[in-house]
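S.K.:
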Amino acid sequence: MNGERIAITGVGIVSALAVGAARTFDRMVKGDRGFSEISLFDTTGQRTALAGEVRGFVVGEAVEGRDPSRWSRSDALALVAAREALASAGLDETPRSLGLAVGVTTGGMLEAEPWLATLPEARAALRHERRLFSYPLSSTVDRLAEWFTPARTATLCSACSSGANAIIHAAAWLRSGTVERVLAGGTDALCRLTVTGFNALGATDTAACRPFDKSRAGLTLGEGAAFLVLETESAARQRGAPVLAWFSGWSAGAEAHHITHPEPSARRPAELLREAMRRARLEPSDVDYVNAHGTGTLPNDAVETAAIVAAFGPDAARVLVSSSKGQIGHTLGAAGAVEAAITVLALHRQIVPPTGGLVTPDEACRLNHVAGRGRPEALRAAVSSSFGFGGTGSVLLFERSDAEPRAGANGVVGVAVTGAASVGVRGLLVGEDNAAYREPATQAAEPLEARAKALLDPARSRRFDAQTSLVAAGADAALRSAALAPEAAGLVAGTAFANVERTVSFVRTLAEKGPRRAPPADFPHLVPSAASGNASIYLGIAGPVLTTSDRDASADAALSIACDWVAAGFADAVVAGSAEPLDGYVRDVLGPVCGGARSAARGEGSSWVVLESTDAPLRPGMKRLALVRERIQSSLAELDRVSIAKPARAERALVLRQWDAPQIDWFLARSDWQSVSRLAMTERAGAHDGVGGFAWATAAALLSSGNIDEALIVGGNTERVYVTRLVRPE
Amino acid sequence: MDRDTLKRELKELIVRELDLRDRTEADIVDDAPLFGEGLGLDSLDALQLAVAVEERFGITIPEDESARAIFASVSSLADHILGARSGP
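Quick note, the sequences are listed as chains A and V, same order. In terms of my numbering, the first sequence opens at residue 469 and continues consecutively. In terms of my numbering, the second sequence opens at residue 730 and continues consecutively.
1) Here's the rule: buried if 16 or more other CB atoms are within 10 angstroms of the residue's CB, otherwise exposed. What is A:HIS1156?
2) Quick one: list the residues of chain V neighbouring A:ARG985, beta-carbon separation under 7 Å, in chain order.
3) Is the Cβ of A:THR763 closer than 7 Å to any Cβ of chain V?
4) Pick out whichever of A:TYR1053, A:GLU472, A:ILE506 has its Cα sitting closest to the Cα of A:ARG1070.
5) With a CB to CB cut of under 7 Å and the five nearest residues on each side skipped, what residues in its chain are close to A:ALA738?
6) Does the beta-carbon distance from A:HIS761 to A:LEU689 come in below 7 Å?
7) Could you say if the segment 591-605 of chain A and the segment 646-665 of chain A meet the contact criterion of at least three C-beta pairs nearer than 8 Å?
8) Is the beta carbon of A:ALA940 sitting closer than 7 Å to the one on A:ALA1003?
9) Using CA coordinates, which residue listed in A:GLY631, A:VAL531, A:GLY478, A:PRO536 is at the minimum distance from A:ASP560?
10) Taking only beta-carbon atoms, is V:ASP748 less than 7 Å away from chain A?
11) Would you tell me roughly how many angstroms separate the C-alpha atoms of V:GLU784 and A:PRO588, rounded to the nearest one?
12) Output needed for A:ALA1065: all residues of its chain with C-beta closer than 6 Å, excluding positions within five of it in sequence on either side, in chain order.
13) So what's A:TYR1190 in DSSP terms, helix, strand or just coil?
14) Determine the burial state of A:ARG1109: buried for a count of at least 16 other Cβ atoms within 10 Å of its Cβ, exposed for fewer.
15) Have a look at the DSSP bridge pairing and note the partners of A:ILE474.
16) Can you name the start and end residues of the beta strand (DSSP E) that A:GLU969 belongs to?
17) For A:GLY670, go through chain V and note every residue whose CB falls closer than 8 Å to its CB, in chain order.
18) So with CB distances below 7 Å, who are the chain A contacts of V:HIS751?
19) Can you confirm whether A:PRO988, when its beta carbon is compared against all beta carbons of chain V, has any partner nearer than 7 Å?
20) State the Cα-Cα distance for the pair A:LYS1091 and A:LEU959, rounded to the nearest angstrom.
21) Against chain V, with Cβ distances strictly below 7 Å, would A:THR728 count as a contact?
22) Between A:ARG931 and chain V, is the shortest Cβ-Cβ distance under 7 Å, so that the two count as touching?
23) Thinking C-alpha only, which one of A:ALA1041, A:PRO1130, A:MET577 is nearest A:LEU1107?
24) Any idea which residues DSSP pairs A:SER629 with across the strands?
25) Let me check understanding here. Comparing Cα to Cα, which of A:PRO873, A:GLY825, A:LEU947 lies closest to A:ALA888?
26) Compile a chain-ordered list of the residues in the segment 761-776 of chain V whose CB is closer than 8 Å to at least one CB of chain A.
27) Considering Cα atoms alone, identify which of A:ASP901, A:ALA909, A:ALA639, A:LEU897 is closest to A:ALA920.
28) Just confirm the distance between the C-beta atoms of A:VAL975 and A:LEU584, as a whole number of angstroms; I'd bet it's less than 8 Å.
29) CA-CA distance, A:ALA849 and V:ALA755?
30) Using CA coordinates, which residue listed in A:SER869, A:SER507, A:PHE666 is at the minimum distance from A:ALA713?
31) Does the Cβ-Cβ distance between A:VAL1057 and A:ARG538 come in under 7 Å?
32) Rounding to the nearest angstrom, what Cα-Cα distance links A:ASN902 and A:ALA1169 in this structure?
33) Roughly how many angstroms separate the alpha carbons of A:ARG906 and A:ARG931, rounded to a whole number?
34) In three-state DSSP terms, what is V:LEU770?
35) Evaluate A:HIS596 with the Cβ neighbour count: other Cβ atoms within 10 Å of its Cβ, from every protein chain shown; 16 or more gives buried, anything less gives exposed.
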């Protein structure tokens, strides 16, 4: 769609104020606040139990007769918001050429907490539990995919900016013409883990939060979900769909400062605000409203104010500002999407919603606040900001539906592999040395955690678990092999289950000793985005930092998202892959329940490649190892429709595949690659959810060293398959 | 428990709880500032240490500004624990 505008044609919201976007917005405008004592679980001993709970929401009712044991509350909240978004866009529930992008952080944690607390004793009993299906972060995408049958799916996690990044990901798909429309949003249910964690950090206000107020004392958690329908302008026009707003600009990046504290100068958030305006080809004087992240914590609101002042200059005194969190709470992974939907409605209705709880603005938060009730205003363009743990920020910019089109955006670019590194059974391998994985190998004697930690500076890697250490060490080596400075790169990390051992330990402490004994510093190290967030700080990554999850295909999912963002020009360079350390609970319980049919003993590994635009000029020491030619994601059911270009010379080509799935055998047997020799990567790099990363590193190394001319990487899980064709440069 | 034993135990607790893998108890000086410069500890470490000290010694550390003085050094932390245990 090179340069075509992106239309928002539908929104759906479930919040503490209401089930429904219009009802939520109406109550916001009235100044209502949705806080109450949590009723979902026991909160005895918690510093505060006040939160924005969606009262009266019942999973079994929301899923309308489907097996409710497979749906978490987060999944069900998402379903209701997504259905509303499609209906408001005038679409049926299975529109053609649909992408589904979901931002999420807590996922099925609420339902998982009781069994996680007993996991050490109940390994065997839990191996047949259907409720474990809702545990992986990718479960929301899996459940919604059953309902809406999308052509493409992606799970995005970046703590509190997850929902915003799902919407940016939608733009990447639309820009590249991958799909015509995307259902993008975020969801997160309240759970014991996040309530305990934020309380332990002292980040919560014991009264209802008061963003930007002089007396503010922390955030109030919330739950909810929101989805937007984004369409190419031509797709929307073709079916005569009314446009609610245009999605004109966006930015995503990291500040590489601290896992829980914003960097005081506000340099990076200000840059992100400017970048979103630049992408939209707008000036600060064109923007009338900022829906701020505005959590209500002392540091966030002051730093965010500084960012708005720095980015808007003289217009900072004029632009209207409010935070929705004073009315619905901080909905974490959903927040970026919920607040984007509210920003779209503000533009559509020409009303600015207020900041709940704001009475006397703080001296450190001098902005043009809207407090009390909503205010009718002529709004041309509006910004929604999100900043998360680890300093990952995203900014979205929307314009009113009658905005004039401006000069078109850039088209998509080619993607090259410019670096590779792995920490696996063969130790640390860099660049072309990864060709060694062409030969079968046995499992390394030494656990990889020790190997990774030996590569890191101990003073700067405190509290790093095995996964974080493997991400930091692997991504560092890959960036070095590409001669690329970390501040010029983004990071996309796949993980099937994040750190289960640490999560079990935290949940057990909570169950046995109460919330006051929960270790505060462990919390930001066990959220699903912890490994990528901590590694980004360690390395000094300034580009987008994302975590994704797709069970057995988690590395493939990370590489797919990274390619999408580089191809669309949303990141100049991205180091992408995954790290899967040995985790006894994954090996014994979650892997067998949630994974595919896999027989090999579970291994571990960390593998990374650097992806860059083919337009990027060659730096000293940089070499293009391989070029990405075709990338396909397909559900297993639709694999028969997939076709891949024939290899020019079968004897100079190679297939690198993961599990022995019969569908993949069948797919290859009827493709033009049937006679090409195949490598089973699990026999070389171990059986784990990150084996797809080894396939990429190995293929890139073999292509670069001239061993082969073309490689086909085939990965997947029980739901979907990722197929990528790499070719030799030149 | 005497003051010296307590201080030694606190240093072990700090190294373990705050994952100071490149340090030992001997690197922590009794009266040196714990946070900011020196060991490079931050407010997240202070929260973690407070929970660990409360659990290990059965005392309560206030959430207000007075916590800053208590956590100034190993010595001040030891004094607070001894005072809280012998207190009313």
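Ideal placement from N, C-alpha and C gives every residue a C-beta, glycine not left out.
M.R.: Reading it off the structure:
1) buried
2) VAL780, GLU784
3) no
4) A:TYR1053
5) ALA775, ALA778, ALA779
6) no
7) no
8) yes
9) A:GLY478
10) yes
11) 23 Å
12) Model confidence at A:ALA1065 stands at a pLDDT of 48, short of 50, so the residue's coordinates are unreliable; what they give is reported in the following sentence. Nothing listed; no residue qualifies.
13) strand
14) exposed
15) A:THR700
16) Element bounds for A:GLU969: not the beta strand (DSSP E) but the alpha helix (DSSP H), 968-981.
17) LEU776, GLU792
18) Correcting the residue type first, residue 751 of chain V is Asp in the shown sequence and not His. Within chain A, the residues near V:ASP751 are PRO926, ALA927.
19) yes
20) 20 Å
21) yes
22) yes
23) A:PRO1130
24) Partner(s): none; A:SER629 has no beta bridge.
25) A:LEU947
26) GLY769, ASP771, SER772, LEU773, ASP774, LEU776
27) A:LEU897
28) 5 Å
29) 59 Å
30) A:SER869
31) no
32) 6 Å
33) 35 Å
34) strand
35) exposed
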